[in-house]
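When you line the sequence shown up against our numbering, it's residues 8 to 109, in that order. All remarks here apply to the structure that follows.
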Amino acid sequence: MIHVIATIEVAEGTRDKFLEHFHNLVPLVLEEDGCISYGPAIDVDAKLDVQIGPRDNVVTVVEAWESVEALHAHLAAPHMDDYREKVKDIVTDTKIQVLSPA
């Protein structure tokens, strides 16, 4: 199993619109072979000294996949192309971490 943390920055004031598109995508991804979990999260101001944020223009996607191969298949899925087309004018940056349980 692998974990993926995707940090997606969106243009100011567009997070709700982005999340609307993303929530439409989630059921399609959850049906993919090898998908264990997949969902968006937004920052909560927990008033912790070590916390970054809150970041109003960031959506963090927390994912778990059975394998790196399943992740590669996910990234090539047709619905991912559709999603990327819908959010191309909203997303300003994406960073992805791929992790294994330690």
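Glycine is no exception: its CB is placed at the ideal position from the N, C-alpha and C atoms.
Discussion item. Can you list, in chain order, the residues of its chain with a C-beta nearer than 8 Å to that of G41? Leave out the 5 residues immediately preceding and following it.
Written reply: Residue numbering aside, residue 41 sits at position 34 when the sequence shown is read from its first letter. So the qualifying residues of the chain are W72, E73, S74, E76, A77, L78, A80 and H81.
Worksheet item: For P47, which residues does DSSP report across the bridge?
Response: By 1-based counting over the sequence shown, the position of residue 47 is 40. DSSP links P47 through a beta bridge to V68.
Practice prompt. Could you tell me which of P34, K93, T99 and R91 sits nearest to V65, measuring between CA atoms?
Written response: The sequence position of residue 65 within the sequence shown is 58, counting from 1. Nearest of P34, K93, T99 and R91 to V65, Cα basis: T99.
Item to complete: Output the distance between the C-alpha atoms of D96 and E27, rounded to the nearest integer angstrom.
Response: Mapped onto the sequence shown, residue 96 falls at position 89. Mapped onto the sequence shown, residue 27 falls at position 20. Going from the Cα of D96 to the Cα of E27 covers about 14 Å.
Fill in: Range of the contiguous alpha helix (DSSP H) that encloses D89
Numbered from 1 along the sequence shown, position 82 holds the residue referred to as residue 89. D89 -> alpha helix (DSSP H) spans P85 to V94.
Fill in: Within 9 Å, strictly: CB atoms of M87 and I43
If you number the sequence shown from 1, residue 87 lands on position 80. If you number the sequence shown from 1, residue 43 lands on position 36. Cβ distance not < 9 Å, so M87 and I43 don't count as in contact.
Practice prompt. Using alpha carbons as the reference points, say which of T101, D63 and E70 lies closest to D52.
Written response: Taking the sequence shown and counting its residues from 1, the one referred to as residue 52 is at position 45. Here the closest residue by C-alpha is D63.
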